[in-house]
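**Q**
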Amino acid sequence: MSVFSGWRAAIRIARRDAMRAKGRSALVVAMIALPVLGVTAADVSYRSSMPTAAETLTAAVGSADARYSDPGMNGTPIEQMPDATSWGSLDESGHPAQGEEPEPVDVADLFPKGSRHLTERSVPADVTTRHGITSTEIVEVHTADPLARGRIELVDGAFPDGADEIAATEPFMESAGLGIGSRVTVRGPGKTYTVTGTVELPHDLGKKALYADPGTVIAAWQTASDRDDAIVPPQPSKTEWLVKGASGVGVGWPDVLRANEKGVLVKSRQVALDPPPDSEVPMADSMSGGSAAETSAAVVTVVALTVLEIVLLAGPAFAVGARRSRRQLGLLGTCGGDRSHVRAVVLAGGAVLGGFGAVAGVAAGLGLTVLFRPLIEGWTGSRFGALEIRPWELLAIALIGLVTGILAALAPAIVAGRQSVLESLTGRRGTRGSSRVLPAVGCVTLAAGVAIAVFGGATGATGLVAGGSIVAELGVLACIPVIVGFLGRLGSRLPLAPRMALRDAARNRGRTAPAVAAVMAAVAGTVAIATYLASVTSEHAYDHIPMLTPGTVALVNSDPMEVGQLPLARAAVEQNVAVSGGRADFGRVWAGSDCSVYYEEENGCGTIELVKPAGKGHSCPLQGAGARKLAEGLSADAHKELMSSPACIDEHIQAYSFDSGVAKIVVGDAPVLTSYAKLDDPAAARALAEGTPVLLNPAYADNGRVTLKAVHTYSEHDRENRKLHPGEARTTTDRLKVYVAPAKYAATPGIRMILPQKAADRLGLHTQDYGSFYTVAHAPTDAEQQAVSAAFAQAGDSAYLQAEYGPDSQDEDVVLLILALFAGLVTLGAAAIATGLARADAEADLTTLSAVGAPPAVRRTLSGFQCLVVALTGVLLGTAAGLVPAVALRLIDLREATKAMRMQPMDSAYTPIVLPWVTIGLLAVVVPVLAGLLAAAFSGSRTVPARRAA
274 MSVFSGWRAA IRIARRDAMR AKGRSALVVA MIALPVLGVT AADVSYRSSM
324 PTAAETLTAA VGSADARYSD PGMNGTPIEQ MPDATSWGSL DESGHPAQGE
374 EPEPVDVADL FPKGSRHLTE RSVPADVTTR HGITSTEIVE VHTADPLARG
424 RIELVDGAFP DGADEIAATE PFMESAGLGI GSRVTVRGPG KTYTVTGTVE
474 LPHDLGKKAL YADPGTVIAA WQTASDRDDA IVPPQPSKTE WLVKGASGVG
524 VGWPDVLRAN EKGVLVKSRQ VALDPPPDSE VPMADSMSGG SAAETSAAVV
574 TVVALTVLEI VLLAGPAFAV GARRSRRQLG LLGTCGGDRS HVRAVVLAGG
624 AVLGGFGAVA GVAAGLGLTV LFRPLIEGWT GSRFGALEIR PWELLAIALI
674 GLVTGILAAL APAIVAGRQS VLESLTGRRG TRGSSRVLPA VGCVTLAAGV
724 AIAVFGGATG ATGLVAGGSI VAELGVLACI PVIVGFLGRL GSRLPLAPRM
774 ALRDAARNRG RTAPAVAAVM AAVAGTVAIA TYLASVTSEH AYDHIPMLTP
824 GTVALVNSDP MEVGQLPLAR AAVEQNVAVS GGRADFGRVW AGSDCSVYYE
874 EENGCGTIEL VKPAGKGHSC PLQGAGARKL AEGLSADAHK ELMSSPACID
924 EHIQAYSFDS GVAKIVVGDA PVLTSYAKLD DPAAARALAE GTPVLLNPAY
974 ADNGRVTLKA VHTYSEHDRE NRKLHPGEAR TTTDRLKVYV APAKYAATPG
1024 IRMILPQKAA DRLGLHTQDY GSFYTVAHAP TDAEQQAVSA AFAQAGDSAY
1074 LQAEYGPDSQ DEDVVLLILA LFAGLVTLGA AAIATGLARA DAEADLTTLS
1124 AVGAPPAVRR TLSGFQCLVV ALTGVLLGTA AGLVPAVALR LIDLREATKA
1174 MRMQPMDSAY TPIVLPWVTI GLLAVVVPVL AGLLAAAFSG SRTVPARRAA
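Heads up: the sequence shown begins at 274 in the working numbering, then just goes up one per residue.
#1: Note down the Cα distance separating residue 704 from residue 1143, rounded to an integer number of angstroms.
#2: Which value, in whole angstroms, describes the spacing of the CA atoms of residue 554 and residue 485?
#3: Measure the Cβ-Cβ separation of residue 907 and residue 1179 and say whether it is below 8 angstroms.
#4: Among residues of its own chain, excluding the 5 on either side of residue 429, which ones have a beta-carbon nearer than 7 angstroms to its beta-carbon?
#5: Between 477, 902 and 482, which lies nearest to residue 468 when the distance is taken from Cα to Cα?
#6: Identify every run of the alpha helix (DSSP H) within the segment 294 to 323, keeping only runs that are complete inside it and at least 4 residues long; order them along the chain.
#7: Should residue 778 be counted as a contact of the ligand PLP given a C-beta to heavy atom distance under 7 angstroms?
#8: In chain order, which alpha helix (DSSP H) runs of at least 4 residues are fully inside the segment 972 to 997?
#9: Have a look at residue 981 and residue 1176 and give me their C-alpha separation to the nearest angstrom.
#10: Counting pairs of beta carbons, one from the segment 509 to 525 and one from the segment 299 to 307, are three or more of them closer than 8 angstroms?
#11: With distance defined between alpha-carbon atoms, name the residue in 736, 424 and 1024 nearest to residue 941.
#12: Quick one: give me the first and last residue of the alpha helix (DSSP H) that residue 876 is part of.
#13: Where are the alpha helix (DSSP H) runs, 4 residues long or more, that stay fully inside the segment 753 to 836, in chain order?
#14: Would you please state the rounded distance, in angstroms, between the beta carbons of residue 487 and residue 495? I believe it to be under 8 angstroms.
#15: Check whether the Cβ atoms of residue 1185 and residue 812 lie closer than 8 angstroms to each other.
#16: Would you call the segment 732 to 740 and the segment 763 to 770 touching, i.e. three or more CB-CB distances under 8 angstroms?
#17: If you draw a straight line from the C-alpha of residue 314 to the C-alpha of residue 661, how long is it?
#18: Can you grab the Cα-Cα spacing for the pair residue 284 / residue 291, in whole Å?
#19: Quick one: is residue 937 buried, meaning 16 or more other Cβ sit within 10 Å of its Cβ, or exposed?
#20: Taking the CB atoms as reference points, tell me whether residue 332 and residue 476 lie closer together than 8 angstroms.
#21: Applying the criterion that 16 or more other CB atoms from any shown protein chain within 10 Å of the CB defines a buried residue, is residue 857 buried or exposed?
#22: If you follow the alpha helix (DSSP H) that residue 647 is in, where does it begin and where does it stop?
#23: Indicate the three-state DSSP secondary structure (helix, strand or coil) for residue 1036 in the structure shown.
#24: What do you reckon, are the CB atoms on residue 343 and residue 537 nearer than 8 angstroms?
#25: Within its chain, find whatever has a CB closer than 6 angstroms to the CB of residue 814; leave out the 5 residues flanking it on each side and keep chain order.
#26: Kindly indicate which three-state DSSP category residue 390 falls into: helix, strand or coil?
#27: Can you tell me the Cα-Cα spacing of residue 1211 and residue 787, whole angstroms?
#28: So residue 909 and residue 1183 are in contact, right, with Cβ under 8 angstroms, and what is the actual spacing, rounded?
#29: Please give me, in chain order, every unbroken run of the beta strand (DSSP E) with length at least 3 that falls completely inside the segment 490 to 567.
#30: Sorted by chain position, which residues of the same chain lie with C-beta nearer than 6 angstroms to residue 1029's C-beta, five sequence neighbours on each side aside?
#31: Please report the residue range of the beta strand (DSSP E) in which residue 859 lies.
#32: Spatial neighbours of residue 505 within its chain, please: CB distance less than 8 angstroms, with the 5 preceding and 5 following residues excluded, ordered by chain position.
#33: Go through its chain and collect everything with a Cβ distance to residue 403's Cβ below 7 angstroms, but skip five positions before and after it.
#34: Between the Cα of residue 523 and the Cα atoms of 503, 918 and 547, which residue gives the shortest distance?
#35: Counting along the chain, where does the alpha helix (DSSP H) carrying residue 1062 start and finish?
#36: Using only CA atoms, which one of 916, 622 and 396 lies nearest to residue 289?
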């Protein structure tokens, strides 16, 4: 018989066997199809979400041929690249001076003959909502014109058509609580518009904006402002033009060059898709091409672990089939088949089920991507131009599924080929001692894999990280029989069912080890991704610079002339925001004339400065001379410690929360300490009551004192404040005794020192009520923020509310949950395979158990504990194995961050490794218990009498 005929027979036998055992076959197909499905969906989603050059152009120019814009170069010539991403001026002497308005250019005169165009211009505005008032952007463009298609699309209702109509994006409608037919009033001109429809920007689904026809908002607003000086005029953006060239002509490179000569920038579809040669592009000589991005280390590692996971998941299922087909395989031997034919049948089963699983996985991946396309588009924030399906990539994914199915059947095929015909026909099992060499090899392999992965992470070698992770996981696999054997010794003092489950697992390591390996593989991949993601999320949280102390909001006065309206603003906050604590009022302090009032005058206001002492503990060593040399010898932990020190944290965080000024000094009393700074210290509160300032950053203190430098410069028009310091401007330097807070309070956002009113009066400084801090149960929602804004408007519109929302980690939390559910599902499937394998292998033992008088419930309980043992052991080993690639990948990130830190010493090199305890807890506790309960529930308590062997 030829090789081809032998394999054809083997495939036929395998196919018939798969059809007979439909449940087992479906489980194997599912185990292979599930990872293939995930990879297929990820591939199609990724390719579809990456816009092509044509789709990028459509997002910019709609259905027009080009987008013309005036960059404000006073009409002096410019040069640009064909795609308009880079441009530059040829004559810098013609640039407008700082603060000077550029001269307008007659852009319309540069359009090609026979073309038509649309104008687009936007203006920031405050508009009314269902909840109150919100700030948004109003874009004037004729949305109903066909030239806008592709850039702006109608979702529901109708495009605006007239002076009193407007359209809104879906995110704006949801945030504002409005619908089609609602009325929106633009504050300022006070004109009301009717919402006629919902629109979206396919390239930016999250945009909150309103759309109106040209001339219906900005012009009406400007007219109202011209009539009434109390109305602030609009501040529109520059006009841009969407141009459609003559039919069949478009906007070519000569048209672009002609516009460049007049200082106009052009983004042309025709030029970008078919660029001219570099010899015709004046700017080409000064531009250099970038290199292709290197494949992500995380992607390579995940793909490698996915392949290994499929092999280990499906392997025990083929072992189940081989066990149940022992008699059939024995009959094959009696008909003249040798061991190679037995192995061929089992391998053919891998090929058949692997092929089915690969095809089903690819088909299901495509189907689910189409089904959940709107959800994926919402997650990515942009519409797919079209589903980007690359047949060769999908074929490669399917081939990986097929090959891994065959590899998964390899070990069961070798085991089946070793069985004698007599053992196969009688169902008896031979005894085989466990290898003593394999665990030693496994320990060495594990250590070598960990070392390789760590070395790859330290040196940035992606291939070593992936290879070392796989080697380490294979090392754990080799150690599983010894680990299972050790578990058998732990059951001596346990009740009957768990004791039997542990001993049965230890006695039958040949079937227990593959099942544990399957669970371990599923959990290892999930733990690796979850650990990496949790670590990156923690890093982003560390890099986030809070504007306020978490759990607080700040009410801030925005108009010094309207400070009397603060009581009404405070009432608005207390009525509309979830205030959970007391109120802490604070004030601002200044020397000379108030810069908030006389900011337009040169040298018309004073300044206040906390002088920072020089020397160790005061000056940040990461700035100035010697900083780079110091950074070269710092580890990431040592750098983090320095960056968190009072001397450096004030240099690192430059944000001025609630406009507290460069000095970051506020006037306040004890409630500011407890409500905002979270400093509950009676000594500090007593110091403020006695007129002693509280310094939150110890780096500014020298022997318990700070140096306060004040420049008392007055405007000629500031007669009121000048009464305190008549005469010429003067500078005062005072050494103040202060209460120095612990170093951890140096990071308090916006406040460096709290100055009591007594001290300000003693120093001859001016103060004014400035706002209040509130402790809140949660950050204000959109509805609450809009309600507060409306109340502020009624109170004179002279205050604003600032809140701290923290780093955005919602997407990461969703991904971690999906990973946990995926691993839990696969673990349950692997545990089910293990239970089926145990039942297939232990029918004789269960029959004996029933024969000696064991109650039927013992059979259920035993099955449940067998499943629990396999699931729990696999989860714990998988958690340990999954940490190896996660740690190695973070070492690569650490290497890159450290390199960047040594170039810029103030850049953060913090690269934490954070364990996702919620995910690990779910996998280590909930999933094994659920697997055991399901196994006990679906395991039959009746025993079928066994046929006596001849």
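Glycine is no exception: its CB is placed at the ideal position from the N, C-alpha and C atoms.
**A** Let me spell this out:
#1: For the purposes of this step, residue 704 is identified with residue 431 of the sequence shown, where counting begins at 1. For the purposes of this step, residue 1143 is identified with residue 870 of the sequence shown, where counting begins at 1. With a pLDDT of 48 at residue 704, under the threshold of 50, the predicted position of this residue should be treated as unreliable, and no value is reported.
#2: Taking the sequence shown and counting its residues from 1, the one referred to as residue 554 is at position 281. Taking the sequence shown and counting its residues from 1, the one referred to as residue 485 is at position 212. Straight-line Cα distance between these residues: approximately 38 angstroms.
#3: Counting from 1 along the sequence shown, the entry for residue 907 is found at position 634. Counting from 1 along the sequence shown, the entry for residue 1179 is found at position 906. Contact: no.
#4: For this step, residue 429 is matched to residue 156 along the sequence shown. These residues qualify, in order along the chain: 453, 470 and 471.
#5: As a position in the sequence shown, residue 468 is number 195, starting the count at 1. If we check each option's Cα against that of residue 468, 482 comes out closest.
#6: 295 to 322
#7: Absent from the structure shown: the ligand PLP. Ligands present: none.
#8: 992 to 995
#9: What you label residue 981 is simply residue 708 of the sequence shown in a count that begins at 1. What you label residue 1176 is simply residue 903 of the sequence shown in a count that begins at 1. Looking at the two C-alpha atoms, the distance is approximately 34 angstroms.
#10: no
#11: For the purposes of this step, residue 941 is taken as the residue at position 668 of the sequence shown. Comparing Cα-Cα distances from residue 941 to each of 736, 424 and 1024, the minimum goes to 1024.
#12: Against the sequence shown, residue 876 aligns to sequence position 603. Counting along the chain, residue 876 falls outside any alpha helix (DSSP H), and DSSP gives it neither H nor E.
#13: 769 to 780 and 782 to 816
#14: In the sequence shown, the residue the question calls residue 487 occupies position 214. In the sequence shown, the residue the question calls residue 495 occupies position 222. So it is not a contact: roughly 13 angstroms between Cβ atoms.
#15: Translated into the one-based positions of the sequence shown, residue 1185 becomes position 912. Translated into the one-based positions of the sequence shown, residue 812 becomes position 539. Yes, Cβ-Cβ distance for residue 1185 and residue 812 is below 8 angstroms.
#16: no
#17: In the sequence shown, residue 314 corresponds to position 41, counting from 1. In the sequence shown, residue 661 corresponds to position 388, counting from 1. Using only the alpha carbons, I get a separation of about 11 angstroms.
#18: Taking the first residue of the sequence shown as 1, we reach residue 284 at position 11. Taking the first residue of the sequence shown as 1, we reach residue 291 at position 18. If you take the alpha carbons of residue 284 and residue 291, they lie about 10 angstroms apart.
#19: On the sequence shown, position 664 is the one that residue 937 refers to. So residue 937 ends up on the buried side.
#20: Numbered from its first residue, the sequence shown carries residue 332 at position 59. Numbered from its first residue, the sequence shown carries residue 476 at position 203. Contact flag set, yes.
#21: Working through the sequence shown from its first residue, we reach residue 857 at position 584. It is buried - the Cβ of residue 857 has at least 16 other Cβ atoms within 10 Å.
#22: Within the sequence shown, the letter at position 374 stands for residue 647. Segment 646 to 653, the alpha helix (DSSP H) holding residue 647.
#23: To locate residue 1036, count along the sequence shown from 1; it is residue 763. Here residue 1036 sits in coil by DSSP.
#24: Indexing the sequence shown from 1 puts residue 343 at position 70. Indexing the sequence shown from 1 puts residue 537 at position 264. Result yes, Cβ atoms of residue 343 and residue 537 sit closer than 8 angstroms.
#25: If you number the sequence shown from 1, residue 814 lands on position 541. Within the same chain, residue 814 has close Cβ partners 1080.
#26: The sequence position of residue 390 within the sequence shown is 117, counting from 1. Residue 390: strand per DSSP, three-state reduction.
#27: Within the sequence shown, the letter at position 938 stands for residue 1211. Within the sequence shown, the letter at position 514 stands for residue 787. Rounded to whole angstroms, residue 1211 to residue 787 spans 22 angstroms at the Cα level.
#28: Taking the sequence shown and counting its residues from 1, the one referred to as residue 909 is at position 636. Taking the sequence shown and counting its residues from 1, the one referred to as residue 1183 is at position 910. Indeed they touch by this definition, with Cβ atoms about 6 angstroms apart.
#29: 513 to 517 and 538 to 541
#30: Locating residue 1029 in the sequence shown gives position 756, where the first residue counts as 1. The residues are 961 and 964.
#31: To locate residue 859, count along the sequence shown from 1; it is residue 586. Segment 852 to 863, the beta strand (DSSP E) holding residue 859.
#32: Translated into the one-based positions of the sequence shown, residue 505 becomes position 232. Within the same chain, residue 505 has close Cβ partners 461 and 498.
#33: Stepping through the sequence shown from its first residue, residue 403 is reached at position 130. 449, 450 and 451, listed in sequence order.
#34: Taking the first residue of the sequence shown as 1, we reach residue 523 at position 250. That would be 547, whose Cα lies nearest to the Cα of residue 523.
#35: Locating residue 1062 in the sequence shown gives position 789, counting from the first residue. Unbroken alpha helix (DSSP H) run through residue 1062: 1055 to 1067.
#36: The count along the sequence shown starts at 1 and reaches residue 289 at position 16. Of the listed residues, the one whose Cα sits closest to residue 289 is 622.
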